[in-house]
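A.B. asks:
Numbering (UniProt numbering), first residue to last: 1 to 94.
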């Protein structure tokens, strides 16, 4: 099915709808914040920091070593491809 091409009016309407939604959402969030207690407010502000801390805590030595091995393997593959492309064989860059 062919895609419908948007004219300027359609784009303007979509933009206005997007701004209206953003405005309503911001008002909703503001009303939620106005209704929360100071404890709830503090918990909301700390949420991203505690999530990041928990993510760091779950990293293990094994996971770090696995990532290092994967990076080393990719680097080795890149070196092999570069060597193959730059050495003789007719198809590579010289």
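Ideal Cβ positions, reconstructed from N, Cα and C, are used throughout, including at glycine. Being a predicted model, the structure only gives us computed values, none of them experimental.
(1) Along the chain, where does the alpha helix (DSSP H) containing residue 85 start, and where does it finish?
(2) Given this structure, state the Cα-to-Cα distance separating residue 53 from residue 3, to the nearest angstrom.
(3) Mapping the DSSP letters down to three states, classify residue 3 as helix, strand or coil.
(4) Here's a check: name, in chain order, each residue in its chain whose Cβ is nearer than 7 Å to the Cβ of residue 74, leaving out the five neighbours to either side.
(5) Distance check for residue 35 and residue 23, CA to CA, integer angstroms please.
(6) What residue does the alpha helix (DSSP H) around residue 16 start on, and which one ends it?
(7) Using only the alpha-carbon positions, how far apart do residue 20 and residue 28 sit?
C.D. replies: On the basis of the supplied data:
(1) For the purposes of this step, residue 85 is taken as the residue at position 85 of the chain shown. Note, residue 85: alpha helix (DSSP H), 61-86.
(2) Taking the chain shown and counting its residues from 1, one reaches residue 53 at position 53. Taking the chain shown and counting its residues from 1, one reaches residue 3 at position 3. Looking at the two C-alpha atoms, the distance is approximately 45 Å.
(3) Taking the chain shown and counting its residues from 1, one reaches residue 3 at position 3. The answer is coil: DSSP assigns residue 3 none of H, G, I, E or B.
(4) As a working mapping, residue 74 is identified with position 74 in the chain shown. There are no such residues.
(5) Taking the first residue of the chain shown as position 1, residue 23 is located at position 23. Taking the first residue of the chain shown as position 1, residue 35 is located at position 35. Their Cα atoms are separated by approximately 19 Å.
(6) As a first step, residue 16 is located in the chain shown; it is residue number 16 there, counting from the start. It spans 8-35 - the alpha helix (DSSP H) in which residue 16 sits, taken as one unbroken run.
(7) Along the chain shown, one-based indexing puts residue 20 at 20. Along the chain shown, one-based indexing puts residue 28 at 28. Roughly 12 Å separates the two Cα atoms.
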